[in-house]
Amino acid sequence: MSEARLLTNTNSLRRNVAVGALVREREHTDTLAHKLEAKNFNFYYGTFQALSDISMVMREHSITAIIGPSGCGKSTLLRAINRMHDQTPGARGNGQLMLDGQNIYGPETDAVLLRRRIGMVFQRPNVFAKSIFDNIAYGLRIAGWHDRKQLAARVEQCLRQAALWDEVKDRLHSSALGLSGGQQQRLCIARAIAPRPEVLLMDEPCSALDPIATLKVEELMLELRREYTIVIVTHNMQQAARASDETAFMLMDPATRSGQLIEFGPTNRIFTNPQDKRTEDYVTGQFG
Amino acid sequence: MITQATNYRRRKLVDYGMRGLTIGATVLALIPLVLILSYVVFRGAGALNIAFFTQAYEPPVVGLDGEVGNAGGVLHGIIGSLIIVGIALIMALPIGILAGVFLAEYPSNSVATVVRFCTDVLSAAPSIVIGVAAYVLIVQRTHQFSALAGSVALAVLMVPVITRTTEEILKLVPHTMREAAMALGAPKWWQTLTVVLPTAMSGIMTGVLLAFARATGETAPLLLTVLGNNNVSVKLLEPMAALPLLTYKYTDTPFPAQNTLAWGTALVLTLLVLTVNLSVRWATRSRTK
Ligand SMILES: Nc1ncnc2c1ncn2[C@@H]1O[C@H](COP(=O)(O)OP(=O)(O)OP(=O)(O)O)[C@@H](O)[C@H]1O
Ligand SMILES: [Mg+2]
């Protein structure tokens, strides 16, 4: 989404925040447990430092939005949480990034087991060249589900949650590659939530979706919030304002090109009363 | 508006010219192929009869008029080729595919560099060299020409083809698909087994077919290993007949009836490769769609 199309009207943002607050029925998140916590976390691609000194928390049963201009390291931070960079030569993190108090980059942490607790939806849909059913069952089978009936029931439930069931119920066993881009993305969401991960990471999950599907995904997030911890990267200011409890604003340091956390706090405050001039410029669309 | 660009006609002409060139080159490449194939069909079709498929070698019976009577068939060759190539495939398939997986999934590994270099050398090696190696290492040591020695030689020829196509095809599987599996908590070997390999299956099969076709037509290594046999034999540790050997042998005889057998054998060889090719393609297609 182009920067120019970001909302320039603060008032309408405030209105959205007000609506969002009603939907969320929740103003204070301070009391919630810290599911994820970054303390002075740095991330490097070889010699290039992509993230510097990130400190923030992601609370249990809440939705944390990460916003910021392209290239500021949002995806890097999100992918660092479930160690998707492990296969990238030269990529490494240091500092602390904790899941339930255990360091994700600690020597005792097994990345495969970690990823079973942390699901992920990627920026671009990445379905398997398998049937729709098998796509969703993939994570379930890894988690040890083998009973056909239970599998079928869970697949249906997830497809319904991802607002895809009606479109695919008649062709569950045909290839997922035959779906449209937006349908594929919703399939990826269904696939990610199927094994019931504790944390769900979403990297711009709605960038390929139409407004109706986008709203459905947001409803789904609010519903999932009861059970899970959700972290979402988005370029859509309204989405962050509508559907998140807390917001982190990131920016690339002009000198070092590494990503920094500029401001982190309750979404309401970030959008209505930002403390940093740069946050205000960004959320009101006066940036760059 | 759109058609008024000044160089529109020139662009159109260049487009036609280029298209003409590519079509011309394709036709040129196809001419010898079509000629050879149709000549093989023309000469070989006459040899195909029931005796051809049901009998083994029969000594030529020369009648009083100088005509050769009973020419026999090539059943021993068909069975021999299927056995020899089949066993070679059983040996080459797992080695080739696993090596290909290794090269694709662990590419920047010093062992991988060595393996890749060796495969390249091996795939460029003339088949007679492989035959000589099998002769020295197996036939001479066991003091016995054998079908198994031929299978080993053919397997050595097939492995590099299978390995390199598997590697190339696996590299084409989008990285994002592996990421999706990884994010669902799949260990690397499980990702490879359940996502990467099935996605690449039809491509890998193409490589296997190439290897199969190459091995089925190989003559030189078989001359030095399986030797040939005039009878139907299924004993792996003894000399065996094979279709390419029969083509070679029957082409080089003074009896026209046997020359005809040679053409028939060539036709059967071609049809065998074609049928296997088409059926495997069909089988893998219906599975991935
Ligand atoms: N695999 C990689 N190797 C080297 N540098 C990388 C790699 N991936 C990302 N980067 C760099 O890290 C920085 C942050 O990238 P990242 O993908 O996290 O940005 P982003 O905030 O998600 O951007 P966008 O909004 O466009 O998705 C960029 O400068 C990018 O070029
Ligand atoms: Mg990104």
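Chains as they are written, first to last, in the numbering used here: chain R, 6 to 293; chain G, 2 to 290. Beta carbons are placed, not taken as given, at the ideal position from N, Cα and C, and that holds for glycine. Predicted model only: the values in this text are computed from it and were never measured.
Subject >> V117 (chain R) at chain G interface by Cβ criterion, 8 Å >> reply: Against the first sequence, residue 117 (chain R) aligns to sequence position 112. The C-beta of V117 (chain R) comes closer than 8 Å to at least one C-beta of chain G.
**OP:** Would you list the residues whose beta-carbon is nearer than 7 Å to any heavy atom of ligand 2, in the order they occur in the chain?
**Re:** R:K79, R:S80, R:Q128, R:D208, R:E209, R:V238
Subject >> Cβ-based contacts, 8 Å cut-off: residues of the region 167–201 of chain R near chain G >> reply: S180, C193, R196, A197, P200
Original post:
Would you call L238 (chain G) buried or exposed, if buried means 16 or more other Cβ atoms sit within 10 Å of its Cβ?
Top reply: Numbered from its first residue, the second sequence carries residue 238 (chain G) at position 237. Result: exposed.
Subject >> Where V28 (chain R) falls: helix, strand or coil (DSSP) >> reply: For the purposes of this step, residue 28 (chain R) is identified with residue 23 of the first sequence, where counting begins at 1. Per-residue confidence for V28 (chain R) stands at a pLDDT of 49, beneath the threshold of 50, marking its modelled position as unreliable; the derived number appears in the next sentence. Helix, per DSSP.
Subject >> Near-chain R residues of the region 92–124 of chain G - C-beta to any C-beta below 8 Å >> reply: S109
Original post:
Is the shortest distance between the beta-carbon of A291 (chain G) and the beta-carbons of chain R less than 8 Å?
Top reply: As displayed, chain G neither begins before 2 nor continues past 290, which places residue 291 (chain G) out of reach and without an answer.
Subject >> Short CB-CB distance (under 8 Å) between F127 (chain R) and chain G >> reply: For the purposes of this step, residue 127 (chain R) is identified with residue 122 of the first sequence, where counting begins at 1. With 8 Å as the cut-off, F127 (chain R) counts as an interface residue toward chain G.
**OP:** Say yes only if the C-beta of S75 (chain R) is nearer than 7 Å to one or more non-hydrogen atoms of ligand 1, and no if none qualify.
**Re:** The residue labelled residue 75 (chain R) in the question sits at position 70 within the first sequence. S75 (chain R) Cβ: within cutoff of ligand 1.
**OP:** Determine, using beta carbons only, whether P222 (chain G) and A135 (chain G) come nearer to each other than 8 Å.
**Re:** To locate residue 222 (chain G), count along the second sequence from 1; it is residue 221. To locate residue 135 (chain G), count along the second sequence from 1; it is residue 134. Yes. Within cutoff.
**OP:** Verify whether the separation of the beta carbon atoms of H77 (chain G) and N230 (chain G) is less than 8 Å.
**Re:** By one-based count along the second sequence, residue 77 (chain G) stands at place 76. By one-based count along the second sequence, residue 230 (chain G) stands at place 229. Yes, Cβ-Cβ distance for H77 (chain G) and N230 (chain G) is below 8 Å.
**OP:** Tell me whether F53 (chain G) sits in a helix, a strand or coil according to DSSP, three-state version.
**Re:** Your numbering for residue 53 (chain G) matches position 52 in the second sequence. Three-state DSSP puts F53 (chain G) in a helix.
Original post:
If you run the structure through DSSP and keep just helix, strand and coil, what is I84 (chain G)?
Top reply: Start at 1 with the first residue of the second sequence, and residue 84 (chain G) comes out as number 83. Residue state, collapsed to three classes: helix.
Subject >> Integer Cβ distance of A218 (chain R) from R191 (chain R), believed to fall under 8 Å >> reply: Taking the first residue of the first sequence as position 1, residue 218 (chain R) is located at position 213. Taking the first residue of the first sequence as position 1, residue 191 (chain R) is located at position 186. With 8 Å as the limit, A218 (chain R) and R191 (chain R) qualify as a contact, their Cβ atoms being about 7 Å apart.
Subject >> Proximity winner among R:A167, R:K135, R:V62, relative to H178 (chain R) (alpha-carbon distances) >> reply: Translated into the one-based positions of the first sequence, residue 178 (chain R) becomes position 173. Nearest option by C-alpha distance: R:K135.
Subject >> The alpha helix (DSSP H) enclosing Q101 (chain R), as first and last residue numbers >> reply: To locate residue 101 (chain R), count along the first sequence from 1; it is residue 96. First-last for Q101 (chain R): 96–104, but that is the beta strand (DSSP E), not the alpha helix (DSSP H).
Original post:
Which two residues bound the contiguous beta strand (DSSP E) that contains R64 (chain R)?
Top reply: Here residue 64 (chain R) refers to the residue found at position 59 when the first sequence is read from its first residue. Where R64 (chain R) is concerned, the enclosing beta strand (DSSP E) stretches over 53–64.
Original post:
Looking at C-alpha atoms only, which residue of R:I275, R:F48, R:I68, R:P210 is the closest neighbour of N4 (chain R)?
Top reply: The structure shown does not extend to residue 4 (chain R), since chain R is modelled only from 6 to 293, so the question has no answer here.
**OP:** Compute the minimum distance between the beta carbon of R262 (chain R) and the heavy atoms of ligand 1, and state whether it is under 7 Å.
**Re:** Working through the first sequence from its first residue, we reach residue 262 (chain R) at position 257. Checking the Cβ of R262 (chain R) against ligand 1 gives yes.
Subject >> Exposure label - A158 (chain R); buried when at least 16 CB within 10 Å >> reply: Numbered from its first residue, the first sequence carries residue 158 (chain R) at position 153. A158 (chain R) is exposed by the Cβ-count criterion.
**OP:** Return no unless some Cβ of chain R is closer than 8 Å to the Cβ of T207 (chain G).
**Re:** Within the second sequence, residue 207 (chain G) is the residue found at index 206, counting from 1. For T207 (chain G), not one C-beta of chain R is nearer than 8 Å to its own C-beta.
Original post:
Any heavy atom of ligand 1 closer than 7 Å to the CB of H77 (chain G)?
Top reply: One-based indexing of the second sequence puts residue 77 (chain G) at position 76. Remark: the shortest separation between the CB of H77 (chain G) and any heavy atom of ligand 1 does not fall under 7 Å.
Original post:
Going by DSSP, which residues form a beta bridge with E268 (chain R)?
Top reply: Indexing the first sequence from 1 puts residue 268 (chain R) at position 263. Its beta-bridge partners are R:F254.
Original post:
Between the region 118–132 of chain G and the region 178–191 of chain G, do at least 3 Cβ pairs fall closer than 8 Å?
Top reply: Counting C-beta pairs with one atom in each stretch, the region 118–132 of chain G and the region 178–191 of chain G have fewer than three that are closer than 8 Å, which means they do not touch.
**OP:** Determine whether the Cβ of N278 (chain R) lies closer than 8 Å to any Cβ atom of chain G.
**Re:** In the first sequence, the residue the question calls residue 278 (chain R) occupies position 273. Chain G contact via Cβ: absent.
Original post:
Thinking just about the alpha-carbon of each residue, which of R:T261, R:S263, R:A253 is nearest to the one in F276 (chain R)?
Top reply: Here residue 276 (chain R) refers to the residue found at position 271 of the first sequence. Ranking R:T261, R:S263, R:A253 by Cα distance to F276 (chain R) puts R:A253 first.
Original post:
Cβ of Y143 (chain R) versus every heavy atom of ligand 1: is any distance shorter than 7 Å?
Top reply: As a first step, residue 143 (chain R) must be located in the first sequence, where it is residue number 138. Result no, Cβ not under 7 Å from ligand 1.
Subject >> Contact residues within the region 201–218 of chain R, judged by C-beta distance below 9 Å to chain G >> reply: P202, L206
Original post:
Any residues in the region 41–66 of chain R with a beta carbon nearer than 8 Å to a beta carbon of chain G? Which ones, in chain order?
Top reply: none
Original post:
Exposed or buried, which one is M19 (chain G) when buried takes at least 16 other CB atoms within 10 Å?
Top reply: Within the second sequence, numbered from 1, the residue matching residue 19 (chain G) stands at position 18. Counting Cβ neighbours within 10 Å, M19 (chain G) comes out exposed, since fewer than 16 surround it.
Original post:
For chain R, is any of its Cβ atoms less than 8 Å away from the one on P257 (chain G)?
Top reply: Along the second sequence, one-based indexing puts residue 257 (chain G) at 256. No - not a single Cβ of chain R is within 8 Å of the one on P257 (chain G).
**OP:** In angstroms with no decimal places, state the Cα-to-Cα distance between K282 (chain R) and M257 (chain R).
**Re:** Within the first sequence, the letter at position 277 stands for residue 282 (chain R). Within the first sequence, the letter at position 252 stands for residue 257 (chain R). Their Cα atoms are separated by approximately 15 Å.
**OP:** Please say whether A167 (chain R) and L225 (chain R) have beta carbons closer to each other than 8 Å?
**Re:** Position 220 of the first sequence holds residue 225 (chain R). Position 162 of the first sequence holds residue 167 (chain R). Contact: yes.
Subject >> Contact under 8 Å by Cβ, L56 (chain R) with I71 (chain R) >> reply: As a working note, residue 56 (chain R) is residue 51 in the first sequence. As a working note, residue 71 (chain R) is residue 66 in the first sequence. Taking 8 Å as the Cβ cut-off, L56 (chain R) and I71 (chain R) do not qualify as a contacting pair.
Original post:
Considering only residues of the same chain and omitting the five flanking positions on each side of Q56 (chain G), which have a CB-CB separation below 7 Å?
Top reply: For this step, residue 56 (chain G) is matched to residue 55 along the second sequence. Short of 7 Å from the beta carbon of Q56 (chain G), and not among the five residues preceding or following it, lie these beta carbons of its own chain, in chain order: G73, G74, L76.
Subject >> Residues that I147 (chain R) contacts on chain G, provided the C-beta gap is smaller than 8 Å >> reply: The sequence position of residue 147 (chain R) within the first sequence is 142, counting from 1. Per Cβ cutoff of 8 Å: L185, G186, A187, W191.
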